[in-house]
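**Student:** Numbering of the sequence shown is given in the numbering used here, commencing with residue 96 and proceeding in unit increments. All C-beta atoms in this analysis are idealised placements derived from N, C-alpha and C, irrespective of residue type, glycine included. Just dropping this structure here.
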Amino acid sequence: SVRRKLDAPRPRPTPRPEPRLEAPTGAGTPPGFAWPDEPAIVPDVEEDVSAVDAAVQHRGGLGARLAAGAIDAALLLTLDLVVLWLTLRVAGLTLAEWRVLRLVPLGGFLFLLDTAYLVTFTAASGQSIGKMLGGVRVVDQSEGRVPFGHAVLRSVVLLLCALPFGLGLLPLLFDAEARGPHDRLAGTRVIPSA
96 SVRRKLDAPR PRPTPRPEPR LEAPTGAGTP PGFAWPDEPA IVPDVEEDVS AVDAAVQHRG
156 GLGARLAAGA IDAALLLTLD LVVLWLTLRV AGLTLAEWRV LRLVPLGGFL FLLDTAYLVT
216 FTAASGQSIG KMLGGVRVVD QSEGRVPFGH AVLRSVVLLL CALPFGLGLL PLLFDAEARG
276 PHDRLAGTRV IPSA
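Take a look at the structure:
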């Protein structure tokens, strides 16, 4: 066997000390600046940022919520008009003869149809089609899914508030949390969707 000669250890270069920076003269140290051997001191601004974020989210959420409501109202109105037109066709009536229809049963059916639309989407995902497009969703107080019973209560109260030309929804505009009577009674709120 061949023996290999061991190499002599090589000397390691000694690290040079880093030059210490001198403090700027006159104005002092800029905020957030730390010398290499000193820990950085960052001012705590988390509370201010969260307050601003909450205010922006509230304002942005209200606009998105109003847009979502307008989209849903347009969809429901279109659906109601299609049902009215189909009812007239089945009855053999023209559009001018709509007064012949019994309005109470027809109105009740349309109310149930609109309620079913809102309940189904709210209980299933917290988002109707308008809320999907508006980027918001309905959650319960713990930001979880809305239980079915709460979705029914919320939808019925929402439609009742919207019936008198939307006047029942005016408190929503002045509420600090942008919650209307339907949200207060059902224990829900609308938040931006993730």
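1. Among the residues of its own chain, which have a CB less than 6 Å from the CB of SER223, if the five just before and after it don't count?
2. Would you kindly check if the distance between the Cβ of GLY244 and the Cβ of VAL233 is under 8 Å?
3. Output yes or no for whether 8 Å exceeds the beta carbon distance between VAL251 and THR283.
4. I think PRO287 touches GLY275, with their Cβ atoms under 8 Å apart; what is that distance to the nearest whole Å?
5. From this set, LEU179, LEU205, GLY203, PHE206, which residue's C-alpha is nearest VAL195's C-alpha?
6. Of the residues LEU255, ARG240, LEU170, VAL199, which one's Cα is nearest the Cα of TYR212?
7. Jot down the residue ranges of each uninterrupted alpha helix (DSSP H) in the region 152–222, minimum 4 residues, whole runs only, in chain order.
8. Where does ALA146 fall in DSSP's three states?
9. Going by DSSP, what residue range makes up the beta strand (DSSP E) through ARG232?
10. Output yes or no for whether 8 Å exceeds the beta carbon distance between ALA281 and ARG240.
11. Let me check one thing: in DSSP terms, what residues is ARG284 bridge-paired to?
12. So, using beta-carbon positions, are GLY229 and ALA159 closer together than 8 Å?
13. Per DSSP, what kind of secondary structure is GLY275 in: helix, strand or coil?
14. Count the other CB atoms within 10 Å of the CB of ALA163; is the residue buried (16 or more) or exposed (fewer)?
15. Please report the distance separating the alpha-carbon of HIS153 from that of MET227.
16. For a test of the three-state rule: what should DSSP assign to VAL140, helix, strand or coil?
17. Mapping the DSSP letters down to three states, classify LEU248 as helix, strand or coil.
18. For GLY263, which residues from the same chain have a beta carbon less than 6 Å from its beta carbon, with the 5 sequence-adjacent residues on both sides left out?
19. Answer yes or no: do PHE206 and LEU254 have a C-beta to C-beta separation smaller than 8 Å?
20. Please report the distance separating the alpha-carbon of GLY187 from that of VAL285.
**Tutor:** Straight from the coordinates:
1. Counting from 1 along the sequence shown, the entry for residue 223 is found at position 128. Answer for SER223: ASP167, PHE216, listed in chain order.
2. Residue 233 sits at position 138 when you count from the first residue of the sequence shown. Residue 244 sits at position 149 when you count from the first residue of the sequence shown. Taking 8 Å as the Cβ cut-off, VAL233 and GLY244 do not qualify as a contacting pair.
3. Counted from its first residue, the sequence shown places residue 251 at position 156. Counted from its first residue, the sequence shown places residue 283 at position 188. No, the Cβ-Cβ distance between VAL251 and THR283 is not below 8 Å.
4. Within the sequence shown, the letter at position 192 stands for residue 287. Within the sequence shown, the letter at position 180 stands for residue 275. That belief does not hold up - the Cβ atoms of PRO287 and GLY275 are roughly 17 Å apart, past 8 Å.
5. Here residue 195 refers to the residue found at position 100 of the sequence shown. Of the candidates LEU179, LEU205, GLY203, PHE206, the one whose C-alpha sits nearest the C-alpha of VAL195 is LEU179.
6. Here residue 212 corresponds to residue number 117 of the sequence shown, with the count starting at 1. Measuring from the Cα of TYR212, the nearest candidate turns out to be LEU170.
7. 198–219
8. Here residue 146 is taken as the residue at index 51 of the sequence shown, counted from 1. Confidence is the limiting factor: at ALA146 the pLDDT is only 45, short of 50, which leaves the residue's position unreliable, though a coordinate-based value still follows. It is helical.
9. Along the sequence shown, one-based indexing puts residue 232 at 137. Taken as a continuous stretch (DSSP letters only), the beta strand (DSSP E) holding ARG232 covers 231–235.
10. Taking the sequence shown and counting its residues from 1, the one referred to as residue 281 is at position 186. Taking the sequence shown and counting its residues from 1, the one referred to as residue 240 is at position 145. No, these two residues do not count as a Cβ contact at 8 Å.
11. Translated into the one-based positions of the sequence shown, residue 284 becomes position 189. Paired residues: VAL234.
12. If you number the sequence shown from 1, residue 229 lands on position 134. If you number the sequence shown from 1, residue 159 lands on position 64. Yes.
13. Position 180 of the sequence shown, counted from the first residue, corresponds to residue 275. Reduced to three states, the DSSP call for GLY275 is coil.
14. As a first step, residue 163 is located in the sequence shown; it is residue number 68 there, counting from the start. It is buried - the Cβ of ALA163 has at least 16 other Cβ atoms within 10 Å.
15. Locating residue 153 in the sequence shown gives position 58, counting from the first residue. Locating residue 227 in the sequence shown gives position 132, counting from the first residue. The pLDDT assigned to HIS153 is 46, lower than 50, so where the model puts this residue is not dependable, and the model offers no usable value.
16. Taking the sequence shown and counting its residues from 1, the one referred to as residue 140 is at position 45. Here the model assigns VAL140 a pLDDT of 49, short of 50, so the residue's position is not dependable, and the following value carries that caveat. The answer is coil: DSSP assigns VAL140 none of H, G, I, E or B.
17. Position 153 of the sequence shown holds residue 248. Three-state result, LEU248: helix.
18. Stepping through the sequence shown from its first residue, residue 263 is reached at position 168. Counting only Cβ-Cβ distances below 6 Å, and skipping sequence neighbours, we find CYS256.
19. If you number the sequence shown from 1, residue 206 lands on position 111. If you number the sequence shown from 1, residue 254 lands on position 159. Taking 8 Å as the Cβ cut-off, PHE206 and LEU254 qualify as a contacting pair.
20. Taking the sequence shown and counting its residues from 1, the one referred to as residue 187 is at position 92. Taking the sequence shown and counting its residues from 1, the one referred to as residue 285 is at position 190. Computed Cα separation, rounded: 44 Å.
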